[in-house]
Structure formats: structure tokens, C-alpha cells
Amino acid sequence: MMSDPERDAWNGWNAERAPRYPHQKVVQFVFRNFDEPRRRHSSALDLGCGSGANSAFLAENGFSVVSTDLSDVGVARTRQLFRDRGLEGLQLVQRLDETDLGNAKLDLIISVGVFDCVTPDVVRRTLERLTQYLAPGCLGFFLFAHSRDFRITGRVPLLEHGYSRAEVDSLFRTFPEFEVDEYISTYQSNQIVQHEWIVTTQS
Ligand SMILES: C[S@@+](CC[C@H](N)C(=O)[O-])C[C@H]1O[C@@H](n2cnc3c(N)ncnc32)[C@H](O)[C@@H]1O
Numbered sequence: 026m027m028s029d030p031e032r033d034a035w036n037g038w039n040a041e042r043a044p045r046y047p048h049q050k051v052v053q054f055v056f057r058n059f060d061e062p063r064r065r066h067s068s069a070l071d072l073g074c075g076s077g078a079n080s081a082f083l084a085e086n087g088f089s090v091v092s093t094d095l096s097d098v099g100v101a102r103t104r105q106l107f108r109d110r111g112l113e114g115l116q117l118v119q120r121l122d123e124t125d126l127g128n129a130k131l132d133l134i135i136s137v138g139v140f141d142c143v144t145p146d147v148v149r150r151t152l153e154r155l156t157q158y159l160a161p162g163c164l165g166f167f168l169f170a171h172s173r174d175f176r177i178t179g180r181v182p183l184l185e186h187g188y189s190r191a192e193v194d195s196l197f198r199t200f201p202e203f204e205v206d207e208y209i210s211t212y213q214s215n216q217i218v219q220h221e222w223i224v225t226t227q228s
């Protein structure tokens, strides 16, 4: 595989800094919306899977999971995590806006901390591309940085773009229904504000 600086940077992140546990908001969303029998008959996409903590959580709880990421290190680590835990799944090295899932039909899409790594144009193309893979009733869970997030205002490396509400509304109108919530965590007596959007969609 040819090296490129963006992939190299994310390979470094995946080798050293990727979370080992699923995001609590993903856990909450999944258990609120999918009971056990539904999970066993559902297929899920983890878009920008990183090193696979959320993907493995989904597979352990019954979903058939496809995990995609630009980072070959992230994808290899996800594959290894599945092997270590005796899970089945499909892991693909793919850019967001080149997502190719054949004739898959998805019941759930999650994407955690990924849309803020790319520009709104990439997100627009990605969401348009995903429409062909949505089964009726497919739910989506998308978490990404708000324009006021400390990582955006402080220009933390690898974070490309924080989204305004107007951008969120414009991007997600490809879905028949969506809800937009803010997810705010503070640190160091409110000095650091991690300000994110959680967009949940229904098809
Ligand atoms: C902050 S990490 C989040 C990883 C994972 N979702 C998690 O919650 O642990 C962002 C991930 O997005 C991936 N990524 C960045 N730009 C991408 C792109 N254009 N296409 C696909 N994946 C991308 C990175 O390789 C990285 O694994």
C-alpha cells in the first residue's frame, strides 16, 4: 500500500492512542434501540472504526459487523481484536467517501469521532454514498466535534473541522428523519470544553 501523510498520521494514532473500550453513548444507543433478538438479525457498519473497540462491542452483542477505516493499522488491529475474542466480522481499508459494501443492507451505522477528521464535503459525499446501503428502518449514530470544541479552537493536530448547527442540518438532510443533540463534557473546572454533536438518524 502506498504511503500518504494522512494515513501515516492515523496509523500512528491507531498504534498508540486508540480507545480500548466502546464509547458509552454507543453502548447506550444500541441497548436502547436494539433488543437481543433484533441485534442477532442486524448488520452494522462501524465507519472509521479505528482499532475496533466499538466494532467488537457490536459483534459481541449479536450484530454482523463491517468495519472500515482509512488506516491499515487500525483495520489490522480491529481484525486482531476480533480474532482474539473469537468474533466474526469483515474489516476493510476504505476511505469514507469511497465506501464500497457490495450489496450489503445495513440496520445500523455508527461513526464515532470521524467526521471531524475530514471536511464537510467529504461527509456530504459519504452520506450520499451510504444511502444505497440502508435497509428500511436503519438507524444511524454519528458523533463528531462541534465548532466550539476545544480541539478545534485549540487547533489540535488531526482534527480537521468542527461543525456548526447549520452545517449539521444541511449534511444530514439526506436522511428522512434525524435528531441533533449536543454532547458536552468539561475538564479542569470547566476550562476545557469537549463539545460534540450526536446525530441520530432513521431511514
Ligand atoms: C478519532 S479516530 C476514532 C476511531 C474510532 N471510531 C473510535 O471511536 O475509537 C478517527 C478514525 O477515523 C479514521 N479516518 C480519518 N480520516 C478518514 C477517512 N478519510 N476515511 C476513513 N477513515 C478515516 C482514522 O484512521 C481514525 O481511525
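Letter by letter, the sequence shown follows residues 26 to 228 in the working numbering. Virtual Cβ for every residue (Gly too), placed ideally from N, Cα, C.
Query	Result
Could you pull the start and end residues of the beta strand (DSSP E) that Gly247 belongs to?	Nothing in the structure corresponds to residue 247, since the chain is present only between 26 and 228.
Let me check one thing: in DSSP terms, what residues is His171 bridge-paired to?	Tyr188
Does the distance from the C-beta atom of Phe203 to that of Phe169 stay below 9 Å?	no
In angstroms with no decimal places, state the Cα-to-Cα distance between Arg45 and His171.	24 Å
What's the C-alpha gap between Thr199 and Ala191?	14 Å
Would a C-beta distance cut-off of 9 Å place Asp94 and Val55 closer than the cut-off?	no
Contact defined as beta carbons within less than 8 Å: I believe Ala84 pairs with Leu112. What is the distance between those atoms, to the nearest angstrom?	4 Å
State yes or no: is the C-beta of Ser210 nearer than 8 Å to some heavy atom of ligand 1?	no
On the DSSP bridge list, what partners appear for His220?	Ile209
Does the Cβ of Glu31 lie closer than 8 Å to at least one heavy atom of ligand 1?	yes
Counting only the same chain and skipping the five closest in sequence on each side, list residues whose C-beta sits under 8 Å from that of Val57.	This sequence places Arg at residue 57; Val is not what is there. Excluding positions up to five away in sequence, the list is empty.
Find out if the Cβ-Cβ distance for the pair Arg104, Gly77 is shorter than 9 Å.	yes
Note the first and the last residue of the continuous alpha helix (DSSP H) segment covering Asp109.	97-109
Just to confirm, is the Cβ distance from Gly75 to Trp38 under 9 Å?	yes
Would you please state the rounded distance, in angstroms, between the beta carbons of Ser68 and Asp132? I believe it to be under 8 Å.	6 Å
Sorted by chain position, which residues of the same chain lie with C-beta nearer than 7 Å to Val98's C-beta, five sequence neighbours on each side aside?	Asn36, Asn39, Ala40
Which residue marks the beginning of the alpha helix (DSSP H) containing Asp146, and which one marks its end?	145-155
Apart from the five residues on each side of it in sequence, which residues of its chain come closer than 8 Å, Cβ to Cβ, to Pro182?	Ala34
Is the separation between the beta-carbon of Gln219 and that of Arg176 shorter than 9 Å?	yes
In the region 66-97, which residue ranges form an unbroken alpha helix (DSSP H) of at least 4 residues, counting only runs that do not cross its ends?	78-85
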